[in-house]
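The structure appears below as structure tokens.
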Amino acid sequence: MSASPAGLSLDEKPPQSAPPTPVIRFLKGHVLLGQCAVNPGETIVEHAEACGISLPTNCTSGTCGTCMVSLILGEVPLPEELPPGLDDFLVEEGARLGCIGKPRGDVDIDIRPPI
Ligand code: FES
Numbered sequence: 000m001s002a003s004p005a006g007l008s009l010d011e012k013p014p015q016s017a018p019p020t021p022v023i024r025f026l027k028g029h030v031l032l033g034q035c036a037v038n039p040g041e042t043i044v045e046h047a048e049a050c051g052i053s054l055p056t057n058c059t060s061g062t063c064g065t066c067m068v069s070l071i072l073g074e075v076p077l078p079e080e081l082p083p084g085l086d087d088f089l090v091e092e093g094a095r096l097g098c099i100g101k102p103r104g105d106v107d108i109d110i111r112p113p114i
């Protein structure tokens, strides 16, 4: 029986690997502050807390804009009707609200608002 360079015989199948877990990364400019696995259903603020990063919040309902961050990469879906804490021009610049925004898949977030 011959073995492959990885040590597997040709009759053996390689072990199945689990699909990669999506990751949320928190940055400030080019500086990586922390990262953790995306937990579906949790907000950006909850993910930040899990990473040991404190994001400012106030209303926690999408009204005040205190928790505004910038979406650099990935997807954080918006509600059909924008909440009072967001405007169209801010969304175009990548703004998301940490208290209500829920990441989907791999996401990079700059903890600073876009403007
Ligand atoms: S804390 Fe007020 S909009 Fe998020």
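With numbering that gives the first Met the number 0 applied, the sequence shown corresponds to residues 0 to 114, in that order.
For each residue, glycine too, the CB sits at the ideal point set by N, CA and C.
- Three-state secondary structure (DSSP) of residue 74: strand
- Sort out for me which residues DSSP pairs residue 101 with in a bridge. DSSP output for residue 101 lists no bridge partner at all.
- Query: What do you reckon, is the C-beta of residue 61 under 7 Å from a heavy atom of the ligand FES?
  - Reply: yes
- Message: Check this for me: beta carbons of residue 25 and residue 99, under 8 Å apart or not?
- Response: no
- Message: Here's the rule I'm using: 16 or more other beta-carbon atoms within 10 Å means buried, otherwise exposed. How should residue 19 be labelled?
- Response: With fewer than 16 Cβ atoms within 10 Å of its Cβ, residue 19 is classed as exposed.
- Just checking my contact of residue 95 with residue 72 at CB under 8 Å: how many whole Å lie between their CB atoms? Residue 95 to residue 72, Cβ: 12 Å. No contact.
- Task: Report the partner residues of residue 111 according to the DSSP bridge assignment.
- Result: Partner(s): none; residue 111 has no beta bridge.
- Query: Does the separation of the CB atoms of residue 43 and residue 22 fall below 8 Å?
  - Reply: No, the Cβ-Cβ distance between residue 43 and residue 22 is not below 8 Å.
- Message: Any heavy atom of the ligand FES inside 7 Å of the beta-carbon of residue 96?
- Response: yes
- Message: Please tell me whether residue 54 and residue 110 are closer than 8 Å, where the distance is taken between their beta carbons.
- Response: If you check the CB distance, residue 54 and residue 110 come in under 8 Å.
- Query: Any idea what DSSP makes of residue 3, helix, strand or coil?
  - Reply: Caution applies to residue 3, whose pLDDT of 46 falls short of 50 and renders its modelled position unreliable; the model cannot decide the point.
- Apart from the five residues on each side of it in sequence, which residues of its chain come closer than 8 Å, Cβ to Cβ, to residue 101? Around residue 101: 39, 40, 41, 42, 43, 75 and 76.
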